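Note that the protein sequences, when read in sequence, are chains A and B. Residues 1 to 114 in this note's numbering are what the first sequence spells out, letter by letter. Residues 115 to 225 in this note's numbering are what the second sequence spells out, letter by letter. Heads up: the structure comes next, in structure tokens.
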Amino acid sequence: NAGVTQTPKFQVLKTGQSMTLQCAQDMNHNSMYWYRQDPGMGLRLIYYSASEGTTDKGEVPNGYNVSRLNKREFSLRLESAAPSQTSVYFCASSEAGTGLSEQYFGPGTRLTVT
Amino acid sequence: DQQVKQNSPSLSVQEGRISILNCDYTNSMFDYFLWYKKYPAEGPTFLISISSIKDKNEDGRFTVFLNKSAKHLSLHIVPSQPGDSAVYFCAVLPYGQNFVFGPGTRLSVLP
Numbered sequence: 001n002a003g004v005t006q007t008p009k010f011q012v013l014k015t016g017q018s019m020t021l022q023c024a025q026d027m028n029h030n031s032m033y034w035y036r037q038d039p040g041m042g043l044r045l046i047y048y049s050a051s052e053g054t055t056d057k058g059e060v061p062n063g064y065n066v067s068r069l070n071k072r073e074f075s076l077r078l079e080s081a082a083p084s085q086t087s088v089y090f091c092a093s094s095e096a097g098t099g100l101s102e103q104y105f106g107p108g109t110r111l112t113v114t
Numbered sequence: 115d116q117q118v119k120q121n122s123p124s125l126s127v128q129e130g131r132i133s134i135l136n137c138d139y140t141n142s143m144f145d146y147f148l149w150y151k152k153y154p155a156e157g158p159t160f161l162i163s164i165s166s167i168k169d170k171n172e173d174g175r176f177t178v179f180l181n182k183s184a185k186h187l188s189l190h191i192v193p194s195q196p197g198d199s200a201v202y203f204c205a206v207l208p209y210g211q212n213f214v215f216g217p218g219t220r221l222s223v224l225p
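This is the structure:
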């Protein structure tokens, strides 16, 4: 049981380049999330998917797009990377959406945009 | 304006003593409260939770206290162990919404 996996672990992009961060969970969870973590800011929600086939914006969605490919996979795309998107990105999943259910996190992707 | 504050960026405690991590929130409509623990180069892992109808929840060495009138949440670790050294995030769940995380407190437990 791998839990939540993320690829890649590290990435360096130049301004304007695009990339997709991949996330998969094997816990049969309905809900999946993308967060970014910046120093002194905690985890901020970018996008979430309460169930397969639905996606919604979180607190900081600008510059990102997501795809809930199936129940297992939820990808995050940066179409034109900017230095402000330098951050650590975490994917998470939970059994329920906005119910009383803790989230399980992947190991993170450290992204640097130069 | 941050809805969830952890005013101590870091805390050092001697092994065997009590660690107290604090979290303050601004919105009285928060429904559910959690603590997560994060080691370097890993994702956060769930530690303990409490709902707004309780004022205390215990799980082994970890106890979470909720003071709704003061809008204050605390995590007590007794006794503290070196393996507890990590960053601790509190998270609050407004009713019908998604979790809001605090900025974290780095705990160092000294042998």
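Yeah, the Cβ is synthetic: ideal placement off N, Cα and C, and Gly gets one too. Everything numeric in this text was worked out from a predicted model, so none of it was measured.
Within chain A, the residues whose beta carbon sits less than 7 Å from that of B:G218 are G42, listed in sequence order. Per DSSP, B:P208 is one residue of the beta strand (DSSP E) stretching across A200 to P208.
Counting of Cβ neighbours within 10 angstroms places B:N212 among the buried residues, the total reaching 16 or more. In the three-state reduction of the DSSP assignment, B:Q195 falls in the coil class, being assigned neither a helical nor a strand state.
Within chain A, the residues whose beta carbon sits less than 7 Å from that of B:N212 are L45, Y48, G58 and T98, listed in sequence order.
By DSSP's assignment, B:N171 forms a beta bridge with B:V178.
Around the beta-carbon of B:S194, 16 or more other beta-carbon atoms lie within 10 Å, marking it buried. With respect to chain B, the C-beta atom of A:P8 has no partner C-beta closer than 8 Å. Within chain B, the residues L148, F160 and S163 have their CB atoms less than 7 Å from the CB of A:E102, given in chain order. The residue from B:Y202, B:P196 and B:V127 with its alpha-carbon nearest to that of B:S163 is B:Y202. For B:R131, the closest C-alpha among the options B:S122, B:P158, B:P154 and B:F176 is that of B:F176. Counted as a single uninterrupted DSSP element, the beta strand (DSSP E) harbouring B:L135 occupies residues S133 to Y139. Three or more beta-carbon pairs separated by less than 8 Å link the segment 77–84 of chain A to the segment 105–114 of chain A, which places the two stretches in contact.
A:L69: not part of any beta strand (DSSP E); DSSP gives it neither H nor E. Residue contact check for A:P61 against chain B: no CB pair falls below 8 Å.
Rounded to whole angstroms, A:P107 and B:N141 show a C-alpha spacing of 30 Å. In the three-state scheme derived from DSSP, where H, G and I count as helix and E and B as strand, A:S84 is classed as helix.
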